[in-house]
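J.: Below is a structure I'd like to ask you about.
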Amino acid sequence: MPPSGAEQCPNDGQALAAKEGFDLREVSRLFRLCREQDGGIQLASYILAFQELNKFFLLLGRIFYFVSKEIMDKTRTLSEHLSSEVGCHYVSVQSMLQYEVGAGLVRTYYSGCTTLLRLHRALQFVASFIEAIRMSDSDQIAPLARKAYDDTLGRYHGWLIRKAVHLAVYTLPTRKQLMSHLSDRMAETETEQIMREVVVECTAVFERVDQLYLEKQLLDIP
Numbered sequence: 001m002p003p004s005g006a007e008q009c010p011n012d013g014q015a016l017a018a019k020e021g022f023d024l025r026e027v028s029r030l031f032r033l034c035r036e037q038d039g040g041i042q043l044a045s046y047i048l049a050f051q052e053l054n055k056f057f058l059l060l061g062r063i064f065y066f067v068s069k070e071i072m073d074k075t076r077t078l079s080e081h082l083s084s085e086v087g088c089h090y091v092s093v094q095s096m097l098q099y100e101v102g103a104g105l106v107r108t109y110y111s112g113c114t115t116l117l118r119l120h121r122a123l124q125f126v127a128s129f130i131e132a133i134r135m136s137d138s139d140q141i142a143p144l145a146r147k148a149y150d151d152t153l154g155r156y157h158g159w160l161i162r163k164a165v166h167l168a169v170y171t172l173p174t175r176k177q178l179m180s181h182l183s184d185r186m187a188e189t190e191t192e193q194i195m196r197e198v199v200v201e202c203t204a205v206f207e208r209v210d211q212l213y214l215e216k217q218l219l220d221i222p
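All residue numbers for the sequence shown refer to the UniProt record's numbering, where the first residue is 1 and numbers rise by one.
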């Protein structure tokens, strides 16, 4: 449900649904689609991109179940904002920030700004981890996952969660096993090229959203 007392506006009834099966190319396409020519970040495509990307976390096994669940919860919340009577204020990240800051909604329960920030942090982890896998010659990805986590998501988690992740990374599949899930019958060189494209698109979206939050001084909201 939208914030109480919010200004209403027309709703186009846009449906948001993710495809079945993880598709690296679809992740790349959707994050590319997020970026508008004027520098805007389209929220509907951002949500769809994360719904697709969430399947990547499921490939990693139970270690990242808590991340997967948070992504499901956060994308559902943003979808509800977008399809609500105030959905016109949630068409883009820029319009959402402007609306919630102006209406004093940023620090309220169900805030779109806070919700998207959690996804934003997860996106940095994904880009870092996928790039590390792509560049690695080792079949063991546990050290790559730990470093990517510590450099990104781990900065926002408490000691208990960090410790649990550090232990659980050793249950991750090998690089060969993970690449077989990602390849979709493609040659490994082609898979690595698409992984590179995913990293480029994720990084471009991350940097733009990061700048928008920085301009509003919202990067550290709880």
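Beta carbons are placed, not taken as given, at the ideal position from N, Cα and C, and that holds for glycine.
1. Report the rounded CA-to-CA distance for T171 versus I141, giving the unit in angstroms.
2. Measuring straight from C-alpha to C-alpha, what distance separates R113 and L97?
3. Whose CA, out of D38, A44, D23, lies closest to the CA of L53?
4. Within the same chain, show all residues whose beta-carbon is closer than 7 Å to that of K216, passing over the 5 residues directly before and after it, in chain order.
5. Taking just the CA atoms, how far does S92 sit from residue 231?
6. What does the alpha-carbon distance come out to for the pair E201 and Y109?
7. Taking just the CA atoms, how far does C88 sit from Y99?
8. Over what stretch of residues does the alpha helix (DSSP H) that includes G102 continue unbroken?
9. Considering only DSSP beta bridges, list what I41 is partnered with.
10. Quick one: what's got a C-beta closer than 8 Å to F206's C-beta in the same chain, skipping five residues either side?
11. Distance, Cα to Cα, Y90 vs S138?
12. Would E190 and M179 be called neighbours here (beta carbons separated by less than 8 Å)?
13. For A127, does the three-state DSSP call read helix, strand or coil?
14. Tell me the rounded alpha-carbon separation between L182 and V165.
T.: Let me spell this out:
1. 10 Å
2. Here residue 113 turns out to be Cys, not Arg, going by the sequence shown. Cα to Cα, the separation comes out at about 6 Å.
3. D23
4. L97, V101
5. The question about residue 231 has no answer, for the chain in this structure spans 1 to 222.
6. 30 Å
7. 10 Å
8. 93-102
9. R35
10. H120, L123, Q124, A127
11. 43 Å
12. no
13. helix
14. 23 Å
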